[in-house]
């Protein structure tokens, strides 16, 4: 296949077929480049003398390739024939690294273990000093895990700064390899020297690799090694490039690591190995020992950086092997790289542009992270002035896309944003077509059915975690062990083939979740931006009123006149672009609003100011963090990796540093101004509400204990600097007796509910809470909280009746919104109680609480459906979590009360299903949860109706004995709730589900250890 021209002038070589055929094509396409590379490395002084190198190639490398990588040797023969050179010349190119790290042996082999320093002065052609190990600067690499990145993807990045010769003489190629289907190997994309089979790259299965130079005291010429083959004899060792290619040809990450560990070598090197499954390992490889640094989801630092010196603790703690290339720029290049990525990486906000810009650091030039040639690269036809020397490469393991690093500025404009979105859309379509092809050619096997069932369980378990942060600890309020029930029920009968197709399709969509590309990516006109600002303050601000609207409007008006932001706080333009991005996302989720705006355009503009904005002290820093969190909660695909829980936690903790949680009067006229006091309160309580919502969803601890808060709630009036007297007057009024509504009444009332929910969680779900209900004091506590919840519901602000809602009404001013919040709180209050029935609990209370839980869950689904029918809703993962767990609670209650099934419950299930379908239409990420619920609901209804409900219908009539006979595959009656004792039921579910991944990730104990439906 003819080669392709890449956008950065490096030739893109595409090869197909069996090893020899693709090697021959490689050699033919870049023959001239190969010849130049061979000529360079044979030139005296660049490597060990050719006679010595030839002996090593013939006696060491060729036998080593035959033994450990025969297909690689065959491919090298093809390259040699295609380029018209000897096989030994091609092996020289592939062993270039190894031969540059050893010195010429002495003319006599009396002392084959002499030090490299001595060998360097005893060569048969006179003194020889290897140039590459002594280079002032070499490579710098990074593994960046998904927790650090804004798009939730894994990156391996590298500056390959070995020699500017490769740029000047055009010696670099992109090598794309498509093996023959009979080999059963993944496709590869590599950046390497012409004639080499691997330098750095990735494969189509999500494995990636970069490599750095290392030099140790035990690096040796092969026949000086004590290998037991005889004095002066050569062991069979392949070039170290074989380790790289063998890893990328592996069927799995674990298999690739085994191949690296088991392949012998005679020089040291560093390999940075990653997988799209969010794992990375940094290996410091010596001829005898491999030292490693591992990284995976949950690491305190979500990246690994490396240059050209040993840095693992295990290496530094031993003395047998010495680092012979210590010092120089290698000691600071990785540190300079960390300076460029650390701040954003720790909050999960790192972009591809940030990574590239970090690699362009020139501190310490010319021995810098990005090392340009000391001379201007203007000699010869291959010069490319102004480029990083020779090239910086970056790959994306989760989508297998490659990006060459050019001097692109930090401003990702509309063109870049549109190209990025378009590329993701194409990748999604390709994945969908591949999935369809696989489903059409292979029927679902028993193994597939089992794996899909297990995946349903895992997906349910991970819903809470995907809501706002990475999959680590989840607690009692998150609804974790619903997954046990899902798999327990589904394992009783086979899943129909259409369900398998639906789930596979939804998983594919979720894993490639992109919003459809818009048709017009040009900058919107001022009228559109004005509309976006109005959308934010009408739809978002009433729920989270942390922005000073007066100050924001003042800046916005001046910004419309002049785009100059140099004389204002950097937080001002950041806030503006984030507001526009959030509103554009809302419009994207609301096609009926008529917008066609790409939110990534504004989001990318906001990232230009994020560093400076987060350095501004005071309220503005908290406002910036909250805007980031709101955007995260509305962004498909990235929400599980940006660490929203962490960002909100930062905001709350910084508010604590400012004393905003205490009712403390500070000095100074500004601090005493009622308007400024109200802004502080609204910022704090907005952060508080977000923290409570996200923490309750995840079951994680709050960022601030309820006992430490005594600051007053804000007043329920929209404010401006001139109505301070009105604010002061309102502070003296009784909030619960207001007879008229105002813009922020719903927010203030919601704060009261969040405080009540916090007390419930603290008393009923903390580690110190009782895990059993052995007396009735627990029920007394529940009833007390129920009464408080009713009082809260009865005192909601006065609103326009349902039938008289005006156009442009706020969702947060509707009765349905408050009833949803009440029902969610009631469901959480009862969930631990309804999953711990025993002979020691009050059976009448058991039935009462089951009925209340079912009604609360049904109301959540019904009211969401009502709101959506009235006006289509925009969705976020917190709402998805609420609806999904409400639906699962309904299913549980139906099972628990199946002897007296209530027809209304099935109508509630239908509402839940309808809402999940509505969400998935606008947010593809929800598709897998919709499909999970559909499969589970159908199976549950079939089990209940067939095993327990008489043919007369769903009523309260006692069942006939024969009606209790369960059909094949159904859960047996003995596992139900006779005498309200379901211990056998939970034990059976625990036995059915064998999910080692979940058990290893979540070591639950105490309240989280019982396999109740929602309490773990």
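Numbering (this note's numbering), first residue to last: 5 to 1020. Heads up, the beta-carbon is just placed ideally off N, CA and C, and yes, glycines get one too.
{"Item": "Measure the C-alpha to C-alpha separation of residue 371 and residue 333 and round it to an integer number of angstroms.", "Value": "6 Å"}
{"Item": "Identify every run of the alpha helix (DSSP H) within the region 858-923, keeping only runs that are complete inside it and at least 4 residues long; order them along the chain.", "Value": "881-900"}
{"Item": "Report the residue from 316, 308, 20, 357 whose alpha carbon sits nearest the alpha carbon of residue 342.", "Value": "308"}
{"Item": "State the Cα-Cα distance for the pair residue 239 and residue 53, rounded to the nearest angstrom.", "Value": "20 Å"}
{"Item": "Under the DSSP definition of a beta bridge, which residues are partnered with residue 288?", "Value": "274, 295"}
{"Item": "What are the boundary residues of the alpha helix (DSSP H) that includes residue 197?", "Value": "Note, residue 197: premise wrong, no alpha helix (DSSP H); beta strand (DSSP E) at 192-197."}
{"Item": "Roughly how many angstroms separate the alpha carbons of residue 207 and residue 891, rounded to a whole number?", "Value": "41 Å"}
{"Item": "Specify the secondary structure class of residue 202 as computed by DSSP and reduced to three states.", "Value": "coil"}
{"Item": "For residue 216 versus residue 311, is the C-beta distance shorter than 9 Å?", "Value": "yes"}
{"Item": "Would the region 186-194 count as touching the region 273-293 if we require 3 or more Cβ pairs under 8 Å?", "Value": "no"}
{"Item": "On a CA-only basis, which of 78, 874, 616 is nearest residue 21? Give me that one, please.", "Value": "78"}
{"Item": "Return the residue from the list 97, 321, 71, 793 that minimises the CA-CA distance to residue 83.", "Value": "97"}
{"Item": "Could you tell me whether the Cβ of residue 619 comes closer than 9 Å to any Cβ of chain D?", "Value": "The structure shown contains no chain D; it holds only a single protein chain."}
{"Item": "Taking Cβ positions, are residue 853 and residue 786 nearer each other than 9 Å?", "Value": "yes"}
{"Item": "Out of curiosity, what's the CA-to-CA distance linking residue 680 and residue 582?", "Value": "23 Å"}
{"Item": "Based on Cα-Cα distance, which residue from 750, 771, 765 lies nearest to residue 800?", "Value": "750"}
{"Item": "Could you check whether the region 703-712 touches the region 565-579, counting it as contact only if at least three pairs of C-beta atoms, one from each stretch, sit closer than 8 Å?", "Value": "no"}
{"Item": "Tell me where the alpha helix (DSSP H) around residue 104 begins and ends.", "Value": "100-104"}
{"Item": "Return the chain-ordered list of same chain residues with a C-beta closer than 7 Å to the C-beta of residue 872, the five sequence neighbours on each side being excluded.", "Value": "919, 922"}
{"Item": "I'd like the ranges of any alpha helix (DSSP H) spanning at least 4 consecutive residues and lying wholly in the region 29-88.", "Value": "35-46, 54-60, 66-72, 74-87"}
{"Item": "Taking its Cβ as the centre, do 16 or more other Cβ atoms sit within 10 Å of residue 794, making it buried, or is it exposed?", "Value": "exposed"}
{"Item": "With three or more beta-carbon pairs closer than 8 Å as the criterion, would you say the region 245-265 touches the region 350-360?", "Value": "no"}
{"Item": "Which two residues bound the contiguous beta strand (DSSP E) that contains residue 307?", "Value": "307-310"}
{"Item": "Got a sec: does the ligand ATP put a non-hydrogen atom nearer than 8 Å to the Cβ of residue 345?", "Value": "In the structure shown, the ligand ATP is absent, as is every other ligand, since no ligand is present at all."}
{"Item": "Would you kindly report the start and end of the unbroken beta strand (DSSP E) that includes residue 145?", "Value": "144-148"}
{"Item": "Would you mind working out which of 593, 620, 948 sits nearest residue 901, comparing C-alpha positions?", "Value": "948"}
{"Item": "Less than 9 Å between the C-beta atoms of residue 271 and residue 94, yes or no?", "Value": "no"}
{"Item": "What are the partner residues of residue 18, as DSSP defines its beta bridges?", "Value": "180"}
{"Item": "Please tell me whether residue 855 and residue 827 are closer than 9 Å, where the distance is taken between their beta carbons.", "Value": "no"}
{"Item": "Would you call the region 649-668 and the region 592-610 touching, i.e. three or more CB-CB distances under 8 Å?", "Value": "no"}
{"Item": "To the nearest angstrom, how far is it from the Cα of residue 346 to the Cα of residue 67?", "Value": "45 Å"}
{"Item": "In terms of DSSP beta bridges, what is residue 207 paired with?", "Value": "192"}
{"Item": "Measuring only the C-alpha atoms, how far is residue 339 from residue 284?", "Value": "19 Å"}
{"Item": "State the CB to CB distance for the pair residue 281 and residue 210, rounded to an integer number of angstroms; the pair is presumed to be in contact (CB under 8 Å).", "Value": "7 Å"}
{"Item": "Okay, do the region 559-567 and the region 602-621 touch, 3+ Cβ pairs below 8 Å being the bar?", "Value": "no"}
{"Item": "Whole angstroms is fine: what's the gap from residue 535's alpha carbon to residue 597's?", "Value": "11 Å"}
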